[in-house]
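Note sheet for the following structure.
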Amino acid sequence: MDDTVRDALAITPTSPARDRTVDITTIGRRSGQPRRIETWFYRAGGKIYLTGLPGRRDWYGNLQANPAFTFHLKHGVRADLPATARAIVDEAERRPILTEIVADLNQRGNPARGAQPIDVEAWITGSPLVEVTFDE
6 MDDTVRDALA
16 ITPTSPARDR
26 TVDITTIGRR
36 SGQPRRIETW
46 FYRAGGKIYL
56 TGLPGRRDWY
66 GNLQANPAFT
76 FHLKHGVRAD
86 LPATARAIVD
96 EAERRPILTE
106 IVADLNQRGN
116 PARGAQPIDV
126 EAWITGSPLV
136 EVTFDE
């Protein structure tokens, strides 16, 4: 991975929404067809994660069925990065990760500009969460 890509992935709590916005291409769990969507990525404990509001997400089901996907950087640096997703379902593992992500979203001037405070317990019990590992 080159330094410009590494820098683009090194978001911090001060990073604007634009820097966090990526596309991912998953393989449909039923159709077997590629599915590309826009989402945000997060950094916690030095690792990259995908998550979102509590609820069912097709992208999450797709990644559980087919963990190989493409992570598309599209703002500033453009890169299509082969990656593998690992669903994180154990509450003991989810809690510190989502606590850090929700703290980021609950900061003053949060990048999502969403209603605050965001309830970390709702995210721990109901949000999809995958760790992203980039294939080298």
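If you count the sequence shown from 1, you need to add 5 to reach this note's numbering.
Built from N, CA and C at the ideal position, the CB exists for glycine as well.
For the putative contact between residue i and residue j, defined by C-beta atoms under 8 Å, what is the C-beta separation to the nearest angstrom?
i      : j      : result
Thr31  : Trp64  : 5 Å
Gly60  : Gly131 : 7 Å
Trp128 : Val94  : So it is not a contact: roughly 14 Å between Cβ atoms.
Met6   : Glu98  : With 8 Å as the limit, Met6 and Glu98 do not qualify as a contact, their Cβ atoms being about 25 Å apart.
Ile53  : Leu14  : 6 Å
Gly50  : Glu105 : 7 Å
Beta carbon of residue i, beta carbon of residue j: below 8 Å?
i      : j      : result
Val82  : Val27  : no
Ala92  : Phe74  : no
Leu134 : Leu103 : yes
His80  : Arg23  : yes
Ala90  : Pro72  : yes
Val125 : Leu55  : no
Ala70  : Arg34  : yes
What does DSSP give as the partner residue(s) for residue i in the beta ladder?
i      : result
Leu32  : As written in the sequence, residue 32 is Ile, which differs from the Leu given in the question. Answer is Pro39.
Glu96  : Answer is none; Glu96 lacks a bridge partner.
Tyr54  : Tyr47 and Glu136
Thr143 : There is simply no residue 143 to check, as the chain begins at 6 and stops at 141 in what is shown.
Leu78  : Val27 and Ala84
Using only the heavy atoms of the ligand GDP, determine whether one of them is closer than 7 Å to the beta carbon of residue i.
i     : result
Arg25 : Only the bare structure without any ligand can be found here, which leaves the ligand GDP out of the picture.
- Message: Check whether the segment 36 to 46 and the segment 101 to 113 are in contact - that is, three or more C-beta pairs closer than 8 Å.
- Response: No, the segment 36 to 46 does not touch the segment 101 to 113.
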